[in-house]
Ligand SMILES: NC(=O)c1ccc[n+]([C@@H]2O[C@H](COP(=O)([O-])OP(=O)(O)OC[C@H]3O[C@@H](n4cnc5c(N)ncnc54)[C@H](OP(=O)(O)O)[C@@H]3O)[C@@H](O)[C@H]2O)c1
């Protein structure tokens, strides 16, 4: 099964105008630590939101796009979910679904674990994750200690698909 990784605010908001709601350096480090050496799957919009416009270094980047002519150096473009599944079949690395909303929603059914950095704030947003606290088939299994970034409180949590 695949894993989902995201940061979300109190309303499960994840982005606005194709940007993250906030960048927390410690959260970025944690994301880096977890995904390094693994496979990251993302939507074309999330890929294009990266500040330097480059694939994430040290990871196999898979970009979902319906554009057949979409080419990115050092990344793989796949054009539908079946091609994604075939491409990922037999891979030894962990598979992390890294966003954004469209991709999280479509790939959540294939994930068994979700690493959610919960940000204790409500942002204006236009992109959301499904509320895993209300999802009957998901449960919160781990809550890290409260952390702060200036006056922003956040914590690392883990959800798992109920067996
Ligand atoms: N907080 C977080 O952890 C986090 C993480 C990642 C992203 N985000 C935020 O999420 C927002 C972006 O989310 P989004 O929903 O707008 O975009 P997205 O999911 O990143 O990308 C959507 C694009 O993916 C492609 N796509 C989606 N489903 C597909 C399918 N079944 N087959 C082939 N291609 C498919 C399409 O690309 P084409 O249009 O090229 O066909 C579609 O336009 C941004 O605000 C970003 O900052 C937040």
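Residue numbers (my numbering): 263 to 425. The beta carbon of each residue, even a glycine, is placed where N, CA and C say it ideally should be.
Distance, residue 389 Cα to residue 289 Cα: Counting from 1 along the chain shown, the entry for residue 289 is found at position 27. Counting from 1 along the chain shown, the entry for residue 389 is found at position 127. Each residue's Cα considered, the two are about 19 Å apart.
Beta-carbon separation (whole angstroms), residue 361 vs residue 298, contact threshold 8 Å: For the purposes of this step, residue 361 is identified with residue 99 of the chain shown, where counting begins at 1. For the purposes of this step, residue 298 is identified with residue 36 of the chain shown, where counting begins at 1. 17 Å between Cβ atoms; not a contact.
Assumed close pair residue 402, residue 421 - CB separation to whole angstroms, cut-off 8 Å: In the chain shown, counting from the first residue as 1, residue 402 sits at position 140. In the chain shown, counting from the first residue as 1, residue 421 sits at position 159. That belief holds up - the Cβ atoms of residue 402 and residue 421 are roughly 6 Å apart, short of 8 Å.
Residues bridged to residue 343 (per DSSP): Along the chain shown, one-based indexing puts residue 343 at 81. In DSSP, residue 343 forms no bridge with anything.
Whole runs of the beta strand (DSSP E) within the segment 264-296, excluding any shorter than 3 residues: 264-270 and 275-278
Beta-bridge partners of residue 377, as assigned by DSSP: Indexing the chain shown from 1 puts residue 377 at position 115. BP columns for residue 377 point to 267 and 420.
The beta strand (DSSP E) enclosing residue 404, as first and last residue numbers: Residue mapping note: residue 404 aligns to position 142 of the chain shown, counting from 1. That run of the beta strand (DSSP E) goes 400-405.
CA-to-CA distance, residue 311 to residue 281, given in whole angstroms: Working through the chain shown from its first residue, we reach residue 281 at position 19. Working through the chain shown from its first residue, we reach residue 311 at position 49. Cα to Cα, the separation comes out at about 6 Å.
Proximity test, residue 362 beta-carbon vs ligand 1 heavy atom, cut-off 7 Å: To locate residue 362, count along the chain shown from 1; it is residue 100. True, at least one ligand heavy atom lies under 7 Å from that Cβ.
Other residues of its chain near residue 425: CB distance less than 6 Å, five sequence neighbours each side excluded: Along the chain shown, read from residue 1 onward, the residue named residue 425 stands at position 163. Answer for residue 425: no residue qualifies.
Delimiting residues of the alpha helix (DSSP H) encompassing residue 409: Locating residue 409 in the chain shown gives position 147, counting from the first residue. Here residue 409 belongs to no alpha helix (DSSP H); instead the beta strand (DSSP E) covers 409-411.
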